[in-house]
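Engineer: FYI, in full-length UniProt numbering the residues of the sequence shown are 1 to 87.
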Amino acid sequence: MHVDLTELAVLIRTERKRAGLSMQSLAELAGVDRTTLSRLENQRLPELGYAKLERILAVLGLEFAVRPAGALPTLNDLKRDRGQGDV
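1. Does the separation of the CB atoms of residue 17 and residue 32 fall below 7 Å?
2. Going by DSSP, what residue range makes up the alpha helix (DSSP H) through residue 38?
3. Out of curiosity, what's the CA-to-CA distance linking residue 87 and residue 78?
4. Can you tell me where the alpha helix (DSSP H) holding residue 55 begins and where it ends?
5. Report yes if the CB atom of residue 23 is closer than 7 Å to the CB atom of residue 37, and no otherwise.
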């Protein structure tokens, strides 16, 4: 699955709210500026460095996964995407 920064922004906002975190709290925990996080979530940030994005995702309990381009998802990928955990 290909995900761009706009889609990540929506996911980050959704997960932040699900975690009950304010934008300020997430920014502080991830070590990023609140304005940067706001611009990201409101899809007004054209790019964001990997280290910052990784810290934001880590606070939310998310991580990047890398696999060969065009590869079909594994059963574990599908189950994780559906919130069922690993097999």
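The C-beta atom is built at its ideal place from N, Cα and C for all residues, glycine as well.
Structural biologist: So, from the listed chains and residues:
1. Here the question's residue 17 lines up with position 17 in the sequence shown. Here the question's residue 32 lines up with position 32 in the sequence shown. Going by C-beta atoms, residue 17 is not nearer than 7 Å to residue 32.
2. For the purposes of this step, residue 38 is identified with residue 38 of the sequence shown, where counting begins at 1. It spans 34 to 41 - the alpha helix (DSSP H) in which residue 38 sits, taken as one unbroken run.
3. Residue 87 sits at position 87 when you count from the first residue of the sequence shown. Residue 78 sits at position 78 when you count from the first residue of the sequence shown. With a pLDDT of 46 at residue 87, under the threshold of 50, the predicted position of this residue should be treated as unreliable, though the coordinate-derived value follows. When rounded, the distance between both Cα atoms is 10 Å.
4. Here the question's residue 55 lines up with position 55 in the sequence shown. Counting along the chain, the alpha helix (DSSP H) containing residue 55 begins and ends at 50 to 59.
5. Working through the sequence shown from its first residue, we reach residue 23 at position 23. Working through the sequence shown from its first residue, we reach residue 37 at position 37. Yes. Within cutoff.
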